[in-house]
Amino acid sequence: MSTTAEAPATDDHAGHDAHHPSDWQYIQIALWLALFTAIEVGTYFESVHKASDTVLYIVLTVLMVVKFALVGAYFMHLKQDTVLFRRLFYAGIFLAMAVYFVMLSAFRIWD
Numbered sequence: 001m002s003t004t005a006e007a008p009a010t011d012d013h014a015g016h017d018a019h020h021p022s023d024w025q026y027i028q029i030a031l032w033l034a035l036f037t038a039i040e041v042g043t044y045f046e047s048v049h050k051a052s053d054t055v056l057y058i059v060l061t062v063l064m065v066v067k068f069a070l071v072g073a074y075f076m077h078l079k080q081d082t083v084l085f086r087r088l089f090y091a092g093i094f095l096a097m098a099v100y101f102v103m104l105s106a107f108r109i110w111d
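The following block contains the structure:
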């Protein structure tokens, strides 16, 4: 017969939840993302704005990066991750932007 006793179960996630945003913060972030998406959709209609194509590309690129950062930081919990993971993840957006600008330049969008 064994005389070993099991340790009481502990909640490994108790300290982990202390760093997560509240439900209200998630709602606020979702509202900001909806607003940014509405602005992006609004750039499609020329009757809404009279901006040049270059300005539209810059606005859309800035909105893309801001939305990427918000989703990555809060919904993918990169804000609570180590700096190494954040840097690796955000390196992807810089690579995507470089490819995007090369593609735009290849099609002579800036002329």
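With the numbering used here applied, the sequence shown closes on residue 111, and no number is skipped along the way. Note that beta-carbon positions come from the ideal geometry of N, C-alpha and C, so glycine has one too. Because the structure is a prediction, the values reported are computed rather than measured.
Taken atom to atom, the span from the alpha-carbon of Val-71 to that of Leu-31 is near 12 Å.
Around the C-beta of Leu-95, fewer than 16 other C-beta atoms lie within 10 Å, and the residue is accordingly described as exposed. When secondary structure is reduced to three states using DSSP, Val-48 falls in the coil class, being assigned neither helix nor strand. Boundaries of the alpha helix (DSSP H) harbouring Tyr-57: 53-70, taken from the DSSP string.
In terms of CA proximity to Val-59, Gly-42 leads the group Gly-42, Ser-105 and Tyr-74. Around the beta carbon of Leu-35, fewer than 16 other beta carbons sit within 10 angstroms, so the residue counts as exposed.
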